[in-house]
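S.K.: Under the numbering used here, the residues of the sequence shown are numbered 8 to 149, in order.
Just so it is clear, CB atoms sit at the ideal spot from N, CA and C, and this is done for glycine as well.
Before anything else, here's the structure in question.
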Amino acid sequence: MTSGLGETVLPDEPPDLVRRLGEMADLPSPGRHQAIADVVRDHPRSPLAWAALGDVARDDVEAYACYRVGYHRGLDALRAAGWRGSGFVRGSHASNLGFLRCLAGLGEQAGRIGEQDEAERCRVFLAQLDPDGAVRRGATGA
């Protein structure tokens with residue numbers, strides 16, 4: 008019998024979504040924001056798309072909102088993948104990075120808008136889910 012916490016791995020993001028986000032790295036800022044918003048419209052359940060939109064948000068409140076939506080979309084996906092509220096969701100699996108980026112970004116933005124309790128909860132939750140990863144907002148690029 009194995010002891011310890013289990014691990015959940017989210018399904019891969021759609022290849023066209025990943026390709027489109029990768030193509031946007033060199034776009035100028037205003038055009039990139041709109042292009043990523045178009046990807047979110049096409050893939051509204053994708054934590055990776057929401058993380059990318061949060062990364063290019065025009066202000067802290069918009070970033071907070073984007074990361075919050077992506078975080079909740081990620082929780083939905085985790086539950087659908089069998090996660091029951093405990094266990095690891097490691098950043099070493101590329102498919103988990105969108106959710107983890109949203110959680111990290113949500114915590115950062117919560118702190119910026121004065122929600123210190125939420126910022127701390129996000130920091131602790133991220134450390135519990137991915138203790139070896141130290142995922143940071145934008146670290147994987149959009």
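Starting from the Cα of leucine 104, find the closest Cα among Val25, Gly13 and Ala42 and give me that residue.
M.R.: Counted from its first residue, the sequence shown places residue 104 at position 97. Per the Cα distances, Val25.
S.K.: Under DSSP, the alpha helix (DSSP H) around isoleucine 43 begins and ends at which residues?
M.R.: Walking along the sequence shown from the start, residue 43 turns up at place 36. Here the alpha helix (DSSP H) through isoleucine 43 covers 36 to 49.
S.K.: Assign serine 93 to one of two classes, buried (16 or more other C-beta atoms within 10 Å of its C-beta) or exposed (fewer than that).
M.R.: Within the sequence shown, numbered from 1, the residue matching residue 93 stands at position 86. It is exposed - the Cβ of serine 93 has fewer than 16 other Cβ atoms within 10 Å.
S.K.: With DSSP collapsed to three states, give me the class of glutamate 14.
M.R.: Here residue 14 corresponds to residue number 7 of the sequence shown, with the count starting at 1. Glutamate 14: strand per DSSP, three-state reduction.
S.K.: Less than 8 Å between the CB atoms is what I'm expecting for glycine 118 and alanine 126, so what's the real figure, rounded?
M.R.: Position 111 of the sequence shown holds residue 118. Position 119 of the sequence shown holds residue 126. About 4 Å; that satisfies the 8 Å criterion.
S.K.: Just the C-alpha distance for glycine 38 and aspartate 45, rounded to the nearest angstrom, thanks.
M.R.: The sequence position of residue 38 within the sequence shown is 31, counting from 1. The sequence position of residue 45 within the sequence shown is 38, counting from 1. If I take the Cα positions, the gap works out to 11 Å.
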